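Residues 1 to 237 (UniProt numbering) are what the first sequence spells out, left to right.
Here's the structure, in structure tokens; my notes come after.
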Amino acid sequence: MVKKPCCDKSGLRQGTWTAEEDRKLTAYITRYGCWNWRQLPKFADGTVSGLARCGKSCRLRWMNYLRPNLKRGNFTKEEDETIITLHESLGNRWSAIAAMLPGRTDNEIKNHWHTNLKKHVKHKPSTTKLHDKYTNNQNLNDDHLQINPIIPPLILESSPPPPLSTNTQSPFTTTDNSVESTKADSVSDFWSEPFLLDILSDDLPTMGASAGFEFDLLDGEILSPFGFYDDLEPFSF
DNA sequence: AATTAGTTCAACCGCCGCAGC
DNA sequence: TGCTGCGGCGGTTGAACTAAT
Numbered sequence: 001m002v003k004k005p006c007c008d009k010s011g012l013r014q015g016t017w018t019a020e021e022d023r024k025l026t027a028y029i030t031r032y033g034c035w036n037w038r039q040l041p042k043f044a045d046g047t048v049s050g051l052a053r054c055g056k057s058c059r060l061r062w063m064n065y066l067r068p069n070l071k072r073g074n075f076t077k078e079e080d081e082t083i084i085t086l087h088e089s090l091g092n093r094w095s096a097i098a099a100m101l102p103g104r105t106d107n108e109i110k111n112h113w114h115t116n117l118k119k120h121v122k123h124k125p126s127t128t129k130l131h132d133k134y135t136n137n138q139n140l141n142d143d144h145l146q147i148n149p150i151i152p153p154l155i156l157e158s159s160p161p162p163p164l165s166t167n168t169q170s171p172f173t174t175t176d177n178s179v180e181s182t183k184a185d186s187v188s189d190f191w192s193e194p195f196l197l198d199i200l201s202d203d204l205p206t207m208g209a210s211a212g213f214e215f216d217l218l219d220g221e222i223l224s225p226f227g228f229y230d231d232l233e234p235f236s237f
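Structure below.
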């Protein structure tokens, strides 16, 4: 699972994400959204936070693993049938297939296909209900939407950047040193703050809704598929 | 218990399309 | 029109894990 557990030439980490990196990335995106993946690591450079990852790596980690509402675990028979059917229709368009399976990522589906479904399909061509449904329906896209409404984007593309300063000028389109330093300070403040869930309990539902996703709440606890919220104090609204 | 072979899946790489200038 | 930067996608890799011998 680990390709290169060392740093590359630019000093950015590669390889497996640590729980701490996960926590920081989740906290940052949950709070601020992701306005720019490639800029994000600059706000989280190693000198400040230890989150020295390239933007692509951050995006991948978030999209495939940290994002809320992701399903983990085995694929259901229904999901398998859906994947097989959609693959017959769409080919290796994993992202399109993933869009029809809420909670599943393209990477996960791709892996599942190559490890399980591909060989299975070779021996047993699909004749499922879904297959019949799709093959009898010319308007594939509309039909997909009816079956599995595409969940809204989970990334806050237009979400506000970190509170850098009172300067109304966008801090991301300038190289002004004062702004840069303010930005760094702000990021430093963010990372040095207690984890967001400790301090944002009142804001979390609203914030999550505005970001296009939901937090699963049960008896005041946040349900995380990854467990790194587990150590946090439960909170109430 | 040790070794080998096969499987899984997180992560990386390179390419592409789009938007802004 | 071309350039640049970005997000996103699909293919691929390879360490970790599991089963078989």
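Heads up, the beta-carbon is just placed ideally off N, CA and C, and yes, glycines get one too.
None of these values were measured; they are calculated from a predicted model.
Exercise. Does the distance from the C-beta atom of L90 to that of C58 stay below 7 angstroms?
Worked result: no
Exercise. Quick one: what's got a C-beta closer than 6 angstroms to N64's C-beta in the same chain, skipping five residues either side?
Worked result: T105, N107
Exercise. If you check the beta carbons only, do I109 and A98 fall under 7 angstroms apart?
Worked result: yes
For this session: Could you tell me whether the Cβ atoms of C54 and L101 are closer together than 7 angstroms?
Result: no
Exercise. In chain order, what residues of the same chain lie with their CB nearer than 7 angstroms to the CB of T103, ignoring the 5 residues before and after it?
Worked result: Looking at the sequence itself, residue 103 is Gly, so the reference to Thr does not match. Residues N69, L70, K71 of the same chain have their beta carbon placed closer than 7 angstroms to that of G103, with the five preceding and five following residues left out of the count.
Exercise. From E78, R67, R93, H114, pick the residue whose C-alpha is nearest to that of P33; which is it?
Worked result: The residue you asked about is not Pro; residue 33 is Gly in the sequence shown. When only C-alpha atoms are compared, the closest one is R67.
Problem set entry | CA-to-CA distance, T82 to R93, given in whole angstroms | 13 angstroms
Problem set entry | Where A52 falls: helix, strand or coil (DSSP) | DSSP places A52 in coil when its eight states are reduced to three.
Problem set entry | Residue nearest to Q14 in terms of C-alpha spacing, selected from E88, R38, A52 | A52
Exercise. By how many angstroms is the C-alpha of W35 removed from the C-alpha of A19?
Worked result: 23 angstroms
Exercise. Sorted by chain position, which residues of the same chain lie with C-beta nearer than 7 angstroms to D80's C-beta, five sequence neighbours on each side aside?
Worked result: L117
Exercise. Taking DSSP as the reference, what is the three-state secondary structure of K60?
Worked result: Per the sequence shown, the amino acid found at residue 60 is Leu instead of Lys. If DSSP states are grouped into helix, strand and coil, L60 belongs with the helices.
Exercise. So which of T30, K56, R23, E88 has the shortest CA-CA distance to Q39?
Worked result: The shortest CA-to-CA distance from Q39 to any of T30, K56, R23, E88 is the one to K56.
For this session: Give the DSSP-derived three-state secondary structure of K24 in the structure shown.
Result: helix
For this session: Please report how far the alpha carbon of N111 lies from the alpha carbon of F75, in whole angstroms.
Result: 11 angstroms
Problem set entry | Environment of H87 [buried if 16+ CB atoms lie within 10 Å] | By the 10 Å Cβ count, H87 comes out buried.
For this session: Can you tell me which of R61, T115, T16 puts its alpha carbon nearest to the alpha carbon of W37?
Result: Residue R61 is the option with its Cα nearest to W37.
Exercise. Among residues of its own chain, excluding the 5 on either side of I29, which ones have a beta-carbon nearer than 7 angstroms to its beta-carbon?
Worked result: W62
Problem set entry | Whole-angstrom distance between K119 and R31, CA atom to CA atom | 43 angstroms
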